[in-house]
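*Asks:* Per full-length UniProt numbering: the sequence shown ends with 77, consecutive numbering throughout. Cβ coordinates follow ideal geometry from the N, Cα and C atoms, glycine included.
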Amino acid sequence: MVQAYILIQTEVGKASIVAETIAKIPGVIQAEDVTGPYDVIVRAQADTVDALGRMVVAKVQQVDGITRTLTCPVVHL
1 MVQAYILIQT
11 EVGKASIVAE
21 TIAKIPGVIQ
31 AEDVTGPYDV
41 IVRAQADTVD
51 ALGRMVVAKV
61 QQVDGITRTL
71 TCPVVHL
């Protein structure tokens, strides 16, 4: 299982609805609207890195109101 944090910037005033919408996507563990340089932080998981990438591109990035994403895979050192 691969996990990642997805840092999301949204259009002004859209953070709450973006977080609510993303929280319903299969594989999303948690989605929270936050303050700072990013508007929403998501924790997601998938079976492989490729599956995680497909989820981000095909599902997360398609949510209305998102302007930019940054995916940070979790590593165990």
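For I66, report the span of its beta strand (DSSP E) as first-last.
*Replies:* Residue 66 sits at position 66 when you count from the first residue of the sequence shown. Unbroken beta strand (DSSP E) run through I66: I66 to P73.
*Asks:* Starting from T35, trace the alpha helix (DSSP H) both ways and give me its first and last residue.
*Replies:* Against the sequence shown, residue 35 aligns to sequence position 35. Segment: none, T35 is in no alpha helix (DSSP H) and carries neither H nor E.
*Asks:* Provide the residue span of the beta strand (DSSP E) that contains I6, from first to last.
*Replies:* The residue given as residue 6 occupies position 6 in the sequence shown. V2 to T10 is the extent of the beta strand (DSSP E) around I6.
*Asks:* Just to confirm my understanding: we take E11, look at its own chain, exclude 5 residues before and 5 after, and list those with CB closer than 7 Å. What are they?
*Replies:* One-based indexing of the sequence shown puts residue 11 at position 11. So the qualifying residues of the chain are G65 and T67.
*Asks:* In this structure, does DSSP put V57 in helix, strand or coil?
*Replies:* Numbered from its first residue, the sequence shown carries residue 57 at position 57. DSSP places V57 in helix when its eight states are reduced to three.
*Asks:* Can the beta-carbon of V34 be found less than 9 Å from the beta-carbon of V18?
*Replies:* Numbered from 1 along the sequence shown, position 34 holds the residue referred to as residue 34. Numbered from 1 along the sequence shown, position 18 holds the residue referred to as residue 18. No, these two residues do not count as a Cβ contact at 9 Å.
*Asks:* Pull up the distance between the alpha-carbon of T69 and that of G53, whole angstroms please.
*Replies:* Residue mapping note: residue 69 aligns to position 69 of the sequence shown, counting from 1. Residue mapping note: residue 53 aligns to position 53 of the sequence shown, counting from 1. Spanning the two alpha carbons is a distance of roughly 12 Å.
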